[in-house]
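Residue numbers (our numbering): 56 to 152. Presented below is the structure to which this report refers.
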C-alpha cells in the first residue's frame, strides 16, 4: 500500500460520522445492481477509483485523478442524493466501501 493510499484510508477512518450519509451513495450501486437497475460496469468504475479517492482525500482535494472524476460522475448520475454530496464526501464513501 503506498503512502498516499494509507494516508487516505486513515483520514477516511477518522471521519466515520460524516460518512454515514455519504457512504449510502457509493454503497447504493451494489444494492441497485442486485436489483438489476445498475450495471456492473458502473460498480467497477467506482471500485477502480479507490486509489484516486485516497489520493484526493489525503491531499485535501488537490489531487484529482481521472478514475475518481469518472466515479463521481457515475455516482451522481444514478443516485439523486449523491448530487447533494461534496466531492470529498463521495471520495470518502468510495474508500469506506
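Each residue gets a CB set at the ideal place from its N, CA and C atoms; glycine is no exception.
Rounded C-alpha distance that separates residue 140 from residue 148: One Cα belongs to residue 140, the other to residue 148, and the distance between them is close to 10 Å.
State the Cα-Cα distance for the pair residue 123 and residue 102, rounded to the nearest angstrom. Taking the Cα positions, residue 123 is about 10 Å away from residue 102.
Mapping the DSSP letters down to three states, classify residue 113 as helix, strand or coil. Helix.
Span of the alpha helix (DSSP H) around residue 129: Counted as a single uninterrupted DSSP element, the alpha helix (DSSP H) harbouring residue 129 occupies residues 121-133.
Leaving out five residues on either side along the sequence, give the residues of the same chain with a beta carbon under 8 Å from the beta carbon of residue 91. Reliability of the predicted coordinates at residue 91 is poor, the pLDDT of 39 falling under 50, and the value obtained from them is presented with this limitation in mind. Shown here for residue 91: not one same chain residue has a beta carbon closer than 8 Å to its own, the five before and five after excluded.
Taking 9 Å as the cut-off, decide whether the C-beta atoms of residue 112 and residue 150 are in contact. In contact: residue 112 and residue 150 (Cβ atoms closer than 9 Å).
With 16 as the cutoff for other CB atoms within 10 Å, does residue 134 come out buried or exposed? Here residue 134 is buried: its Cβ has 16 or more other Cβ atoms, across all protein chains shown, within 10 Å.
Residue 152 in three-state terms, based on DSSP: Of the three classes helix, strand and coil, the one that applies to residue 152 here is coil, per DSSP.
Under 9 Å, do residue 120 and residue 107 count as touching if we go by C-beta distance? Their beta carbons are under 9 Å apart, which means residue 120 touches residue 107 by this criterion.
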